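Q:
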Amino acid sequence: MTLTHEQPEMTPSEVADDHKLRSQFMQRLIADAEHSLCTGDAPTPPRVLVQFWDDADSVPSDVQACLDSWTPLESSGFKRLLFDDLSAAQFIKKNFGVRHVRAFERCSHPAMRADYFRLCFIMKVGGVYIDADDSYQGGRIEELISDSCLKIQPLCYDLATGSMVDPVSSAKTKDSEGRIFYVNNNPLIAPPGHPVIERALESATSQLLSSDKNSRDIQSLTGPGNLTMCLVLHALGARQANSKFDFKLIPDWNSFATTEWPLAYRSDHRNWRHWVRGYE
1 MTLTHEQPEM TPSEVADDHK LRSQFMQRLI ADAEHSLCTG DAPTPPRVLV
51 QFWDDADSVP SDVQACLDSW TPLESSGFKR LLFDDLSAAQ FIKKNFGVRH
101 VRAFERCSHP AMRADYFRLC FIMKVGGVYI DADDSYQGGR IEELISDSCL
151 KIQPLCYDLA TGSMVDPVSS AKTKDSEGRI FYVNNNPLIA PPGHPVIERA
201 LESATSQLLS SDKNSRDIQS LTGPGNLTMC LVLHALGARQ ANSKFDFKLI
251 PDWNSFATTE WPLAYRSDHR NWRHWVRGYE
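Note that the sequence shown covers residues 1 to 280 in UniProt numbering.
1) Taking the alpha carbon of residue 28 as the point to measure from, which residue in 199, 155, 194 has its own alpha carbon closest?
2) Taking 6 Å as the limit between beta carbons, can you name the residues of its chain near residue 248, skipping five residues before and five after?
3) I believe residue 218 touches residue 115 by the beta-carbon criterion, under 8 Å. Please report the beta-carbon distance rounded to the nearest angstrom.
4) Alpha carbon to alpha carbon, what distance is there between residue 253 and residue 144?
5) Could you tell me which residues DSSP puts in a beta bridge with residue 154?
6) Quick test of the definition: if touching needs 3 or more C-beta pairs under 8 Å, does the stretch 222 to 237 touch the stretch 11 to 24?
7) Ignoring anything shorter than 4 residues, give me the alpha helix (DSSP H) runs that lie fully in the stretch 80 to 115, in order along the chain.
8) Excluding the 5 residues flanking residue 6 on each side, which residues of the same chain have their C-beta closer than 7 Å to its C-beta?
9) Three Cβ pairs or more, each shorter than 8 Å: is that satisfied between the stretch 171 to 180 and the stretch 66 to 81?
10) Less than 8 Å between the CB atoms is what I'm expecting for residue 310 and residue 227, so what's the real figure, rounded?
11) Nearest to residue 250 by CA position, among 120, 98, 168, 97, is which residue?
12) Measure from the alpha carbon of residue 118 to the alpha carbon of each residue in 161, 66, 188, then state which is nearest.
13) Thinking C-alpha only, which one of 166, 180, 105 is nearest residue 214?
14) On the premise that residue 99 lies in contact with residue 201, defined as a C-beta separation below 8 Å, what is that separation, rounded to the nearest angstrom?
15) Do residue 97 and residue 255 have their CB atoms nearer than 8 Å?
16) Pick from 259, 191, 142, 133: whose alpha carbon is nearest that of residue 59?
17) Could you pull the DSSP bridge partners for residue 288 from this structure?
18) If I measure Cβ to Cβ from residue 220 and keep anything under 7 Å in the same chain, skipping five residues before and after, which residues do I get?
19) Nearest-angstrom Cα distance between residue 171 and residue 20?
20) So what does DSSP say about residue 126, is it helix, strand or coil?
21) Checking the sheet assignment: what are the DSSP bridge partners for residue 164?
22) Please go through the stretch 36 to 72 and give each complete beta strand (DSSP E) segment of 3 or more residues, from N-terminal end onward.
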């Protein structure tokens, strides 16, 4: 794929491994998202809503309120599941191999374990993964499982202001210098065995097993950075094969859910942002 007329043809790996080129490619995907066709011949995702909190017996009341906000989905036939460290480890041991068990054990922070577990669960079972600190806003989630395409949320971070900005309008702006385009790993909506999830799980597993156990690079090891890299590799491969995409970007995710920021746990080490920066 050629990103600009001035650049030589580059391999998918060269694009995905380069932070700037990866962001540029994601910008184009986001800008063209409304015109992109999404097809897939796999089964549709099951009506399963899965979430994670490291200790299911000690969920803070404000986080529990977020979890409870999803109760209305039960009337639409969704089964709601909450996993924690113990039940997630049991799930991985039952459904995956020793490498995956060891990789999960090397996740040093609850956020990393949530990242890794969601890949395992969606890979094996499929369904809808939502972070525990997201509150349901009433959108029709069933519309997002009406086909077999992976659904993920695009994001854009503005370095100058240190804040998130609208990804769609930013992607369509010619001057995007100083902005990073990528995808979130929340939500993850897919049928079991989706190739992007499979690639992201293998990448996270390999990186966790080969990296320093004390590494705090959550984004690249298990989070949005890892998923974005794998999505770019997958999309470039599809374009080279002249195939239609089997994933869809959902820029209006805020109409379905809102991340609640004033939660008590965000002020201590349970907040991965504090942990990454060494704030204990």
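Glycine is no exception: its CB is placed at the ideal position from the N, C-alpha and C atoms. Just so it is clear, the structure is predicted and the values come from calculations on it, not from any experiment.
A: Looking at the atomic coordinates:
1) Out of 199, 155, 194, 155 has the C-alpha closest to the C-alpha of residue 28.
2) Taking C-beta separations shorter than 6 Å and ignoring five residues to either side along the sequence, the partners of residue 248 in its chain run 38, 149, 151, following chain order.
3) With 8 Å as the limit, residue 218 and residue 115 qualify as a contact, their Cβ atoms being about 7 Å apart.
4) Approximately 10 Å, taken between the alpha carbons.
5) In DSSP, residue 154 forms a bridge with 183.
6) In short, these stretches touch, since the Cβ pair count reaches three.
7) List check, alpha helix (DSSP H) in window: 85 to 95, 98 to 105.
8) Note that residue 6 has pLDDT 38, beneath the 50 cutoff, so the model's placement of it is unreliable and the number below is only indicative. So no residue of the chain qualifies.
9) Touching, no.
10) The requested residue 310 is not part of the displayed model; the chain covers only 1 to 280.
11) Of the candidates 120, 98, 168, 97, 168 places its Cα closest to the Cα of residue 250.
12) Nearest in C-alpha terms to residue 118, of all of 161, 66, 188, is 188.
13) Per the Cα distances, 105.
14) Your pair residue 201 and residue 99 does not check out as a contact, with CB atoms roughly 10 Å apart and the cut at 8 Å.
15) Not a contact, by the Cβ cut-off of 8 Å.
16) Looking at the Cα atoms, 133 is the closest of the given residues.
17) Residue coverage of the chain in this structure runs from 1 to 280, which leaves residue 288 outside it and unanswerable.
18) Taken in chain order, the residues that qualify are 226.
19) Distance between the alpha carbons of residue 171 and residue 20: 14 Å.
20) Coil.
21) 157.
22) Look at the stretch 36 to 72 and you find these whole runs of beta strand (DSSP E), each 3 residues long or longer: 48 to 52.
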